[in-house]
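In the UniProt record's numbering, the protein residues as written are 1 to 167.
In this text, a Cβ means the ideal position worked out from N, Cα and C, and glycines have one as well.
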Amino acid sequence: MDMTTAGDTGLLETLQHEVALFARRAEQTRLGGVGQVRNSMDRAAYLLLNRLDKEGPMGVKALAASMGIDSSTVTRQVAPLVDTGLVKRTSHPEDGRAVVLQLSPRGVSRLEEVRSSRRQLMAELTHDWAPEEREAFCTLLARFNGALSARMAPSGMSAGQESPTSS
Numbered sequence: 001m002d003m004t005t006a007g008d009t010g011l012l013e014t015l016q017h018e019v020a021l022f023a024r025r026a027e028q029t030r031l032g033g034v035g036q037v038r039n040s041m042d043r044a045a046y047l048l049l050n051r052l053d054k055e056g057p058m059g060v061k062a063l064a065a066s067m068g069i070d071s072s073t074v075t076r077q078v079a080p081l082v083d084t085g086l087v088k089r090t091s092h093p094e095d096g097r098a099v100v101l102q103l104s105p106r107g108v109s110r111l112e113e114v115r116s117s118r119r120q121l122m123a124e125l126t127h128d129w130a131p132e133e134r135e136a137f138c139t140l141l142a143r144f145n146g147a148l149s150a151r152m153a154p155s156g157m158s159a160g161q162e163s164p165t166s167s
């Protein structure tokens, strides 16, 4: 369904173009194109580590549900994190057959390095913004991400939505 009106077309065209540029530039930055080589991290890895840090140890199914993605995707994305020592697989305390994922001390340290680098980048990019502008941008971006999340989730529920303070 086309929800645009004649008056919105130009603004919506600009918005979709700016979002496309943002996605490309964010990926270039992550890949080290803007001085972030040392502290770059794959987006999936960052989001998984961040979720484990915020919510604590959990099983694959719980992690997948909290992120709004499939368990097989989590299993595939967690494997290299376990191999590199960022995530530990342990037995569930009540059911030894079940696996619990948790951040390792190395994972905690690496995640904080990346967060620190990202905070520094955000500070540099918005150094000339007023605090109110930063707050408004965070609010609107969180709202935009929430709308995207709700659109992707079954029955319109907001699955795997990150809060503005979780990254």
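{"Asked": "Tell me the DSSP secondary structure of LEU101 in three-state form.", "Found": "strand"}
{"Asked": "The alpha helix (DSSP H) that contains SER91, what's its start and end?", "Found": "Careful: SER91 lies outside any alpha helix (DSSP H), inside the beta strand (DSSP E) at 87-91."}
{"Asked": "Would you identify the three-state DSSP class for ARG58, choosing helix, strand or coil?", "Found": "Position check: residue 58 holds Met in this sequence, whereas Arg was assumed. Looking at MET58 - three-state DSSP - the assignment turns out to be strand."}
{"Asked": "Could you tell me if GLY96 is buried or exposed, where buried requires 16 or more neighbouring beta carbons within 10 angstroms of its beta carbon?", "Found": "exposed"}
{"Asked": "Considering ASP95, what are the terminal residues of the alpha helix (DSSP H) in which it resides?", "Found": "ASP95 -> no alpha helix (DSSP H), and no H or E assigned at all."}
{"Asked": "Classify GLN120: buried if its beta carbon has 16 or more other beta carbons within 10 angstroms, exposed otherwise.", "Found": "exposed"}
{"Asked": "Whole angstroms is fine: what's the gap from LEU125's alpha carbon to THR73's?", "Found": "33 Å"}
{"Asked": "Could you tell me how far apart the beta carbons of PRO57 and LEU101 are, in whole angstroms, since I believe they sit closer than 8 Å?", "Found": "6 Å"}
{"Asked": "In whole angstroms, what is the alpha-carbon distance linking ALA23 and ARG43?", "Found": "12 Å"}
{"Asked": "Thinking C-alpha only, which one of LEU103, MET67 and PRO131 is nearest ALA150?", "Found": "MET67"}
{"Asked": "Under three-state DSSP, which class holds SER40?", "Found": "coil"}
{"Asked": "Do you know offhand how far GLN28's Cα is from GLU135's?", "Found": "25 Å"}
{"Asked": "Go ahead and pull the three-state DSSP assignment for HIS127.", "Found": "coil"}
{"Asked": "So, using beta-carbon positions, are LEU111 and LEU21 closer together than 7 Å?", "Found": "no"}
{"Asked": "I need the DSSP call for ALA153, collapsed to helix, strand or coil.", "Found": "coil"}
{"Asked": "So for THR73, helix, strand or coil by DSSP?", "Found": "helix"}
{"Asked": "For ASP53, which three-state DSSP category applies?", "Found": "helix"}
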